[in-house]
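> According to our numbering, the residues represented by the sequence shown are 463 to 854, in order.
Heads up, the beta-carbon is just placed ideally off N, CA and C, and yes, glycines get one too.
There's a structure below that I have some questions on.
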Amino acid sequence: MITTVLRVTLLNLRRDRVALLLTFVLPILFFSVFASVFAGMDEAAIKPVRTVVVAEGDEAFARGLVDYLSQESVLELLPIESRDRSTALEVVRRGDAQVAVVVPRGAGLTWGSNPAQIPPAVEMLADRSNPLAVGVVRGTLQAGAVAVAQRLLQVVPGTPLPVQGSAGWDRPEPLRVEVVDALGGPDKRPSVAFFAAGLGVLFLMFAVAGRSSILLEERENGILQRLLAARVGLTRLLAGRWLFLVLLGCVQVTVMFVWAAVAFSLELFTPRHLLGFAAITVPTAAAAASLGLLLSAVCRTRTQLNGVSVVVILILAVLGGNLFPSFLMPSELRELGRLTFNSWALSGYQKVFWYEQQLPELVPEIMVLSAWALVLLLLARLLAQRWERLDR
């Protein structure tokens with residue numbers, strides 16, 4: 463009898479193609495995505511850092527340091543319109559560069575210098591959204607300072623510079639470097655926005671996928687047949703469910719950001735931030751709602767929906783950067799992640815709360831999110847036609 467039960471169960475599994483997909487194919491796909499991300503982190507870490515360099519003086523040391531930085535493969539030096547600090551700061555604030563290096567007049571090595579006449583510090587105006595970039599540029603500056611000084615003093619590379627025991631030898635770094643947050647002071651907490659956006663969009667996708675199962679529940683209970691028989695129409699029914707999911711998503715993300723503002727000092731309650739937040743949240747919730755309806759249209763039972771939605775949403779979260787920053791990914795996966803709507807949502811929130819950009823700069827994100835919402839909703843309506851055929 464036991465073998466009979468086992469045999470019947472195996473036959474049922476064999477006939478259920480979706481169950482076979484959930485059991486064998488989707489776990490392999492999920493593992494492959496994660497393995498590709500983590501296996502390529504070492505390669506992603508050496509991606510050139512977008513940098514602008516401004517030399518305020520014309521000393522030989524400053525010119526040599528700029529030349530050294532321009533030849534380093536770990537840096538991508540960008541052209542700058544005007545070589546002054548304010549222009550470099552604006553380039554970083556716009557997000558065009560990750561770091562701006564400002565070499566002041568009189569800059570030089572601290573090793574061997576008179577304690578009363580320590581050279582001024584080189585400024586790094588940094589976008590701290592990528593902490594790896596700060597470390598890469600800082601290390602390159604230190605190596606470049608020593609190399610330039612050796613060249614100017616005609617010292618053979620590898621010999622101590624200057625003589626050990628001289629003044630200032632005990633200083634930990636050969637070049638004074640001061641890292642300045644280009645996006646504001648310590649009272650600003652833009653990093654909180656990244657985590658609020660990442661987790662908010664992630665749980666938004668889970669929430670709407672779970673609530674979209676109501677369509678499958680109504681079909682199993684016979685409510686869907688009665689609604690269609692009452693001439694409600696499948697299009698109106700899907701539109702009503704979609705609007706509900708959009709409103710639910712907007713409320714959920716709003717609660718997440720309000721909590722971040724109250725508990726973690728996120729700067730939310732200003733007209734500019736509220737307008738930008740609303741402009742990104744509405745199309746994001748619309749795209750997530752369309753995804754939920756599409757998943758419910760693809761699946762035939764709530765059990766299938768639960769399994770498929772978890773794997774699909776986690777894959778989107780990995781590729782889109784919800785679980786960890788996308789700059790840690792290999793370049794191929796970063797480009798693939800740009801095809802997900804959640805990556806555009808994160809980009810929009812980052813522009814609002816990190817780069818302090820205005821509404822016109824959010825137009826690309828708004829357009830892409832709206833397009834995803836429309837495409838996914840049309841696909842859901844197309845696949846849901848089988849409900850009309852089956853229930854006639």
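(1) Is it the case that the stretch 805-817 contacts the stretch 738-745, given that we only count it when at least three CB pairs across the two stretches are under 8 angstroms?
(2) In angstroms with no decimal places, state the Cα-to-Cα distance between L798 and F789.
(3) In whole angstroms, what is the alpha-carbon distance linking L841 and F803?
(4) Given a cut-off of 8 angstroms on the beta-carbon distance, is the pair L551 and G606 in contact?
(5) Would you mind reading off the limits of the beta strand (DSSP E) that contains T513?
(6) Looking at C-beta atoms only, is the number of pairs between the stretch 714-727 and the stretch 673-680 that lie closer than 8 angstroms three or more?
(7) Determine the closest residue to V595 out of D643, N784, L845, I775, with distance taken between C-alpha atoms.
(8) Looking at C-alpha atoms only, which residue of S793, V724, R848, V830 is the closest neighbour of L696?
(9) Could you check the C-alpha separation between L709 and A751 for me, to the nearest Å?
(10) Secondary structure at A583, three-state DSSP: helix, strand or coil?
(11) Please report how far the alpha carbon of A723 lies from the alpha carbon of R567, in whole angstroms.
(12) What residue from L730, A833, R600 has the CA that sits closest to V563's CA?
(13) Between which two residues does the beta strand (DSSP E) containing L539 stretch?
(14) Could you tell me whether the stretch 826-835 touches the stretch 754-764, where touching means 3 or more Cβ pairs closer than 8 angstroms?
(15) Taking the beta carbon of T465 as the centre, do at least 16 other beta carbons fall within 10 Å, making it buried, or is it exposed?
(16) What does the alpha-carbon distance come out to for the pair S771 and A671?
(17) Spell out the partners DSSP gives D643 in its beta bridges.
(18) DSSP three-state call for L468: helix, strand or coil?
(19) Using DSSP with H/G/I as helix, E/B as strand and the rest coil, what is V561?
(20) Three-state secondary structure (DSSP) at L637?
Concretely, from the data shown:
(1) Cβ pair count under 8 angstroms is three or more, so yes.
(2) The sequence position of residue 798 within the sequence shown is 336, counting from 1. The sequence position of residue 789 within the sequence shown is 327, counting from 1. Each residue's Cα considered, the two are about 13 angstroms apart.
(3) One-based indexing of the sequence shown puts residue 841 at position 379. One-based indexing of the sequence shown puts residue 803 at position 341. In a straight line, the C-alpha of L841 is about 15 angstroms away from that of F803.
(4) Within the sequence shown, residue 551 is the residue found at index 89, counting from 1. Within the sequence shown, residue 606 is the residue found at index 144, counting from 1. Contact flag unset, no.
(5) Numbered from its first residue, the sequence shown carries residue 513 at position 51. Per DSSP, T513 belongs to the beta strand (DSSP E) from 511-517.
(6) Cβ pair count under 8 angstroms is below three, so no.
(7) Numbered from its first residue, the sequence shown carries residue 595 at position 133. Sequence inspection shows Ala at residue 595; the Val mentioned does not correspond to that position. For the set D643, N784, L845, I775, the Cα lying nearest the Cα of A595 is the one of D643.
(8) Reading the sequence shown from its first residue, position 234 is the one you call residue 696. Measuring C-alpha to C-alpha distances from L696 to each of S793, V724, R848, V830 identifies R848 as the nearest.
(9) If you number the sequence shown from 1, residue 709 lands on position 247. If you number the sequence shown from 1, residue 751 lands on position 289. Their Cα atoms are separated by approximately 9 angstroms.
(10) Walking along the sequence shown from the start, residue 583 turns up at place 121. Note: A583 maps to coil in three-state DSSP.
(11) Taking the first residue of the sequence shown as 1, we reach residue 723 at position 261. Taking the first residue of the sequence shown as 1, we reach residue 567 at position 105. If you take the alpha carbons of A723 and R567, they lie about 41 angstroms apart.
(12) If you number the sequence shown from 1, residue 563 lands on position 101. Closest option to V563, Cα to Cα, is R600.
(13) Walking along the sequence shown from the start, residue 539 turns up at place 77. Start and end: 537-539.
(14) Of all C-beta pairs linking the stretch 826-835 to the stretch 754-764, fewer than three are shorter than 8 angstroms, placing the two stretches out of contact.
(15) Along the sequence shown, one-based indexing puts residue 465 at 3. Counting other Cβ atoms within 10 Å of its Cβ, T465 stays below 16 and is therefore classed as exposed.
(16) What you label residue 771 is simply residue 309 of the sequence shown in a count that begins at 1. What you label residue 671 is simply residue 209 of the sequence shown in a count that begins at 1. When the Cα atoms are used, S771 and A671 turn out to be separated by approximately 7 angstroms.
(17) The residue given as residue 643 occupies position 181 in the sequence shown. For D643, which the question treats as bridged, DSSP gives the partners A588.
(18) Counting from 1 along the sequence shown, the entry for residue 468 is found at position 6. DSSP places L468 in helix when its eight states are reduced to three.
(19) In the sequence shown, counting from the first residue as 1, residue 561 sits at position 99. Annotated three-state conformation of V561 is strand, per DSSP.
(20) Start at 1 with the first residue of the sequence shown, and residue 637 comes out as number 175. If DSSP states are grouped into helix, strand and coil, L637 belongs with the strands.
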